[in-house]
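Just below is one structure, and these are the notes that go with it.
In my numbering, the protein residues as written are 11 to 229.
As structure tokens, this is what we get:
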């Protein structure tokens, strides 16, 4: 039958077509493409071990494997977020600009969310920058909710000042907490005029802090 069909096509001047050769070419092209893509697999991955012939255990990648536990920092961040939802702010570590910016933002957010509910500030800090602490202090007085303060561990230097800055009647300290206050510290170098300017700045902070502490304590 095929011979007759071929003779008829030759008589009409039409060359017979072959459907097998393109299919074989396609298979060769597929083999070449797959061999080229094998180089893209990373040997350390499961697909890389499978493609390169390394043995791997299907159970290691199976759905029955328990997911890895979250890291300590992820769990810690989750706890801080849960406390913040309860209007609790944690101030731990030295008082610096980064801490001040974070606490200021938290106070402003809680003020906008609910201006009538109290905010609790837990303090465990050895103190730090006076200007950063004053940014927190001014925001505590600026927001509408009462800010309750509680010392946990240590409140020294600027930490003690912020502890005393809480709302009257809402300032607390746990039994084994330590509270310490001292005069402002600073250092400078340069010409006599520069030293004088810095000394006047320290004296200004001293008078300001002492005035607020006298107001808070009623002494």
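All residues carry an ideal CB built from backbone N, CA and C; glycine is no exception.
Residue nearest to residue 137 within the set 115, 107, 168 and 160 is 168 (criterion: CA-CA distance). Sorting 187, 95, 105 and 124 by C-alpha distance to the C-alpha of residue 163 places 187 at the top. Under the three-state reduction of DSSP output, residue 153 falls in the coil class, being neither helix nor strand. Rounded to the nearest angstrom, the gap between the Cα atoms of residue 95 and residue 107 is 23 Å.
Counting C-beta pairs closer than 8 Å gives fewer than three between the segment 184-201 and the segment 111-129, which falls short of the contact rule. Taking all protein chains in view, the Cβ of residue 165 is crowded by 16 or more other Cβ atoms within 10 Å, so the residue is classified as buried.
A Cβ-Cβ contact shorter than 8 Å links residue 159 with residue 181. Among the bridge pairs identified by DSSP, residue 164 is matched with 188.
Shown here, residue 88 sits in a helix according to DSSP, grouped into three states. Considering only 123, 156, 172 and 127, the residue with the shortest C-alpha distance to residue 142 is 172. In this structure residue 125 touches residue 155 by the C-beta definition: roughly 6 Å separates them, less than 8 Å.
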